Amino acid sequence: MSPIPVLILFGPTASGKTEVLKRLFDADAPCRAEIVSADSMQVYRGMDIGTAKPSPAERARIPHHLIDIRSPDEQFHAGDFVRLADLCCAEIAGRGALPVVSGGTGFYLKNFILGLPAAPPSDAGIRDALKEELQNRGAPALMEELARCDPVSAHRIHINDEYRILRALEVFRLSGKETSVNAASSAFIEFLTKS
Numbered sequence: 002m003s004p005i006p007v008l009i010l011f012g013p014t015a016s017g018k019t020e021v022l023k024r025l026f027d028a029d030a031p032c033r034a035e036i037v038s039a040d041s042m043q044v045y046r047g048m049d050i051g052t053a054k055p056s057p058a059e060r061a062r063i064p065h066h067l068i069d070i071r072s073p074d075e076q077f078h079a080g081d082f083v084r085l086a087d088l089c090c091a092e093i094a095g096r097g098a099l100p101v102v103s104g105g106t107g108f109y110l111k112n113f114i115l116g117l118p119a120a121p122p123s124d125a126g127i128r129d130a131l132k133e134e135l136q137n138r139g140a141p142a143l144m145e146e147l148a149r150c151d152p153v154s155a156h157r158i159h160i161n162d163e164y165r166i167l168r169a170l171e172v173f174r175l176s177g178k179e180t181s182v183n184a185a186s187s188a189f190i191e192f193l194t195k196s
């Protein structure tokens with residue numbers, strides 16, 4: 002199968018991406034497009050305030066995908082995004098439209114462009130044990146452990162980011178390997194976060 006052309010529009014929340022899309026792909030545009038949302042909050046139903054979610058009228062004008070597909074109590078990971086975005090792009094291209102992946106979640110876009118990192122699947126037993134350790138010992142103790150086994154991740158993860166601390170330790174305990182990304186991915190992440 003030949004590659005599908007995809008346009009990517011990246012920018013922070015409320016930076017005008019929706020307006021750009023309206024101007025590029027209005028009714029008179031020579032190219033028909035459909036939007037795949039790369040926003041980690043727009044995926045959740047009911048999270049309309051502060052997410053700059055396109056209005057129903059905007060979604061009727063240009064079809065949007067991956068908006069309002071999960072309840073707030075459900076998790077939605079980068080792997081879910083990549084799988085569903087790939088599927089959406091293939092379906093959009095099959096309809097003769099241009100897939101446009103647009104949003105501000107750099108981690109989603111990084112994994113969509115570069116592919117998901119090779120990491121072991123989640124292990125509920127280890128995750129539960131780490132959550133208990135977090136509750137009993139606190140984040141500083143887990144950060145010290147992370148600094149010993151994966152200093153690169155410990156340096157880039159904030160002490161308040163409990164999810165990433167737990168995941169990095171979970172990966173290390175499962176595989177004995179660091180979750181630190183390679184230099185190219187690190188440069189890309191740095192570019193996205195500074196843009």
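Residue numbers for the sequence shown follow my numbering, beginning at 2 and rising by one. Even glycine gets a Cβ: it sits at the ideal position worked out from N, Cα and C. Bear in mind the structure is a predicted one, so any value in this text is a computation, not a measurement.
Beta-bridge partners of Pro73, as assigned by DSSP: In the sequence shown, the residue the question calls residue 73 occupies position 72. Its beta-bridge partners do not exist; DSSP assigns none.
Suppose contacts are defined by Cβ-Cβ distances below 8 angstroms. Is Leu167 in contact with Lys132 by that definition? For the purposes of this step, residue 167 is taken as residue 166 along the sequence shown, with counting starting at 1. For the purposes of this step, residue 132 is taken as residue 131 along the sequence shown, with counting starting at 1. Yes; because the gap between Cβ atoms is below 8 angstroms, this pair is in contact.
Rounding to the nearest angstrom, what Cα-Cα distance links Gly17 and Ala53 in this structure? The sequence position of residue 17 within the sequence shown is 16, counting from 1. The sequence position of residue 53 within the sequence shown is 52, counting from 1. So the alpha carbons of these two residues sit roughly 10 angstroms apart.
Endpoints, the beta strand (DSSP E) within which Ile36 is located: Numbered from its first residue, the sequence shown carries residue 36 at position 35. Unbroken beta strand (DSSP E) run through Ile36: Ala34 to Ser38.
Measure the C-alpha to C-alpha separation of Ser123 and Arg165 and round it to an integer number of angstroms. Taking the first residue of the sequence shown as 1, we reach residue 123 at position 122. Taking the first residue of the sequence shown as 1, we reach residue 165 at position 164. About 12 angstroms.
Within 10 Å of its beta-carbon, does Ile160 have 16 or more other beta-carbons around it, so buried, or fewer, so exposed? Taking the first residue of the sequence shown as position 1, residue 160 is located at position 159. It is exposed - the Cβ of Ile160 has fewer than 16 other Cβ atoms within 10 Å.
What separation, rounded to the nearest whole angstrom, lies between the Cα atoms of Ile208 and Val172? In the structure as shown, the chain starts at 2 and stops at 196, and residue 208 therefore has no counterpart that could be examined.
With distances taken between CB atoms, is the gap from Val83 to Ala39 smaller than 8 angstroms? Your numbering for residue 83 matches position 82 in the sequence shown. Your numbering for residue 39 matches position 38 in the sequence shown. When the beta-carbon positions are compared, Val83 and Ala39 stay at least 8 angstroms from each other.
Can you say whether Ser187 is buried or exposed, counting buried as having 16 or more other CB atoms within 10 angstroms of its CB? Position 186 of the sequence shown, counted from the first residue, corresponds to residue 187. Summary for Ser187: the model assigns pLDDT 46, below 50, so the residue's position carries little reliability, and this model does not support an answer.
Could you say if the segment 3-21 and the segment 93-100 meet the contact criterion of at least three C-beta pairs nearer than 8 angstroms? Between the segment 3-21 and the segment 93-100 there are three or more inter-stretch CB-CB distances shorter than 8 angstroms, so the stretches are counted as touching.
Relative to the C-alpha of Gly177, which candidate in Ser154, Arg46 and Cys150 has its C-alpha closest? Numbered from 1 along the sequence shown, position 176 holds the residue referred to as residue 177. The option with the nearest alpha carbon to Gly177 is Cys150.
Roughly how many angstroms lie between the CA atoms of Ala58 and Ile127, to the nearest whole one? Translated into positions along the sequence shown, residue 58 becomes position 57. Translated into positions along the sequence shown, residue 127 becomes position 126. The straight-line gap from Cα to Cα measures roughly 45 angstroms.
Residue nearest to Leu88 in terms of C-alpha spacing, selected from Ala130, Val37, Val44 and Ala125: Translated into positions along the sequence shown, residue 88 becomes position 87. Between Leu88 and the set Ala130, Val37, Val44 and Ala125, the nearest pair of CA atoms involves Val37.
Can you tell me whether Ala67 is helix, strand or coil according to DSSP? The residue labelled residue 67 in the question sits at position 66 within the sequence shown. The displayed chain sequence assigns Leu, not Ala, to residue 67. Coil.
So the beta strand (DSSP E) Leu167 belongs to, where does it begin and stop? As a first step, residue 167 must be located in the sequence shown, where it is residue number 166. Per DSSP, Leu167 lies in no beta strand (DSSP E) segment; the continuous alpha helix (DSSP H) that holds it begins and ends at Glu163 to Ser176.
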